[in-house]
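When we follow our numbering, the leftmost residue of the sequence shown carries the number 246, and every step to the right adds one. One structure is given here, and the rest of the page talks about it.
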Amino acid sequence: MVSVVSRALLEVRDLTVQFGSGGRAVRVVDGVSFRVEAGEVVALVGESGSGKSVTALALARLLPEVSGRIGGGEILFEGADVCGFSPGALRRLRGGRIAYVFQEPMAALNPVFTIGFQIREVLRLHGGSGDREAELLRLLLAVGLSDAERVARSFPHELSGGMQQRAVIAMALAGRPRLLVADEPTTALDVTVQAQVLEVLLGVQRAEGMGMLFITHNLGLVARVAQRVLVMYAGQIVEAGPTGSVLRSPRHPYTKALLRAVPRLRGGGERLEGIPGVVPAASSYPMGCRFHPRCAFARERCAVDVPQWEELEGGGGVRCHYWRACSGSGGGVAR
Ligand SMILES: Nc1ncnc2c1ncn2[C@@H]1O[C@H](COP(=O)(O)OP(=O)(O)OP(=O)(O)O)[C@@H](O)[C@H]1O
Ligand SMILES: [Mg+2]
């Protein structure tokens with residue numbers, strides 16, 4: 246029998262990213278490991294400052310050149326280690342095999358060129374040999390810009406925020422990516438268009454069979470979007486697993502706290518519980534478990550011993566000394 250070795254689209258192993266150098270260097274991503282399979286959506290969630298965007302940028306080595314650098318680990322994309330890529334291979338990777346959609350569409354669009362010009366550029370650099378005009382219109386239609394010819398002639402400022410973000414998604418698709426990294430792709434949009442843009446993104450992800458890393462601070466979005474979830478806190482993954490089990494029976498006190506911070510209707514009124522305290526700065530992560538100063542379940546050991554990653558049955562894992570003791574009770578937040 247021939248054995249088939251499954252190879253993930255993306256496999257990140259023990260990734261460390263640091264900013265600054267020498268004695269001033271701080272690790273903002275510290276030992277992060279995860280996989281994204283072809284056709285799969287993986288959500289990366291966590292509060293502001295937890296290291297989500299830095300992790301995302303590191304995948305295609307897009308960190309700010311002078312200050313940020315990958316300090317260790319491997320980024321295997323389609324089996325090849327991105328850390329060893331030549332400048333030419335990196336150019337082909339960025340906007341080609343890996344495409345990004347960020348929070349702010351105007352940061353991705355050049356204000357002095359039309360939408361059509363900008364998408365044609367990506368087609369020229371990364372597209373196939375087919376008819377570029379036909380492909381341009383196909384892409385704009387695929388993201389729901391039905392007046393495609395007019396949109397192609399428009400400058401970014403002539404479009405609404407929702408239309409701009411659709412154009413950015415079309416531009417990302419123009420390189421025929423296998424992995425789409427969507428970093429808070431709907432956060433900057435009006436509430437009414439957020440859901441529409443999310444549907445467009447998921448529609449094209451399914452149609453193209455792409456893998457997607459979907460970054461959000463809103464755990465409430467995850468159930469609709471992702472098959473698996475990674476929960477990030479202070480530069481580390483603290484819990485991972487299939488979306489259903491993470492949302493139904495979160496193991497880590499931080500995941501529980503994030504779930505309690507999701508808006509939901511209770512007794513007719515919307516109640517949002519924030520997580521007390523803030524994510525510590527990367528230069529001053531606490532000893533032991535990085536979440537312990539904010540955790541209601543913390544015991545003496547948590548302030549001293551670093552919890553190791555523990556694999557769980559059914560996939561995923563957790564980084565907490567006392568996750569078994571915390572399971573079942575609804576709390577998880579220091580008050
Ligand atoms: N260019 C930079 N130079 C120095 N530190 C940086 C730089 N970019 C990010 N950081 C630091 O890295 C840490 C992680 O930042 P990151 O942007 O990845 O957070 P995030 O999880 O994406 O947050 P948000 O939800 O606000 O987007 C933060 O402490 C941040 O201050
Ligand atoms: Mg971010």
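Even for Gly, the Cβ is constructed at its ideal location relative to N, Cα and C.
Closest option to A393, judged by alpha-carbon separation, among A334, S399, P401 and L382: L382. For the beta strand (DSSP E) assignment, the uninterrupted runs of no fewer than 3 residues enclosed by the segment 435-471 are, from N- to C-terminal side, 456-461.
In its chain, beyond the 5 residues on either side, V277, L289, V290, G291, S295, G296, K297, T300 and V483 have a beta carbon closer than 8 Å to the beta carbon of M477. Between S494 and the set V436, V563 and D259, the nearest pair of CA atoms involves V563. Taking one beta carbon from each stretch, the segment 355-366 and the segment 402-420 have 3 or more pairs nearer than 8 Å; the two touch. Approximately 5 Å separates the beta-carbon atoms of R252 and G324; this is inside 8 Å, confirming the contact. Between R423 and A283, the CB-CB gap stays under 8 Å. Taking the C-beta atoms as reference points, L504 is found nearer than 8 Å to L464. Listed as beta-bridge partners of G313 by DSSP are F264. Inter-residue distance for G265 and G456 is about 32 Å (C-alpha atoms, whole angstroms).
As DSSP reads the structure, M477 sits in a beta bridge with I482. Following the DSSP letters along the chain, one finds G276 in no alpha helix (DSSP H) but inside the beta strand (DSSP E) bounded by residues V271 to V281. Taking the Cβ of E349 as the reference point, every heavy atom of ligand 2 lies at 7 Å or farther away. If you draw a straight line from the Cα of F536 to the Cα of D435, it is about 33 Å long.
Leaving aside the five residues that flank E556 on each side, the residues in its chain whose CB is nearer than 7 Å to its CB run, in chain order, G562. Distances between the C-beta of V483 and the heavy atoms of ligand 1 are all 7 Å or more.
Under the criterion of beta carbons closer than 8 Å, V438 and G406 qualify as touching, at roughly 7 Å. For G519, the distance from the CB to the nearest heavy atom of ligand 1 is not below 7 Å.
Every beta strand (DSSP E) of 3 residues or more that sits fully in the segment 508-563 is shown, in chain order, as 509-511 and 514-516. Here the C-alpha atom of G316 lies approximately 33 Å from the C-alpha atom of G372.
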